[in-house]
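Engineer: If you're matching positions, the sequence shown starts at 9 in the working numbering and goes up one per residue.
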Amino acid sequence: MEDKCRFCESEHKDIDGMYFFGHWICRHCLEKIQKRLEESQYKVGD
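1. Check the DSSP bridge columns for C34 and list the partner residues they point to.
2. Per DSSP, what kind of secondary structure is E46 in: helix, strand or coil?
3. Give the DSSP bridge partners of E19, in chain order.
4. What number of angstroms, rounded off, separates the C-alpha of R128 from the C-alpha of G25?
5. Let's test the definition: count the other Cβ atoms within 10 Å of the Cβ of C13 and tell me whether it reaches 16, buried, or not, exposed.
Right under this line is the structure:
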């Protein structure tokens, strides 16, 4: 398991986050991913 965020390389100990598909991701990046997923869902529905 990695000690850095998969996307922004932030240190594990500094920020909270979670393991997602085997990669640790900080909360900041998780929120960005979540927003992007929500936006893409809306576009598909149009």
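Where is the CB? At the ideal position from N, CA and C, for every residue including glycine.
Because the structure is a prediction, the values reported are computed rather than measured.
Structural biologist: Reading off the structure:
1. For the purposes of this step, residue 34 is taken as the residue at position 26 of the sequence shown. DSSP, once it has assigned bridges, lists G25 as partnering C34.
2. Along the sequence shown, one-based indexing puts residue 46 at 38. Correct three-state label for E46: helix.
3. Along the sequence shown, read from residue 1 onward, the residue named residue 19 stands at position 11. In DSSP, E19 forms a bridge with K12.
4. Since the displayed the chain opens at 9 and closes at 54, residue 128 lies outside it and no answer follows.
5. As a working mapping, residue 13 is identified with position 5 in the sequence shown. So C13 counts as buried.
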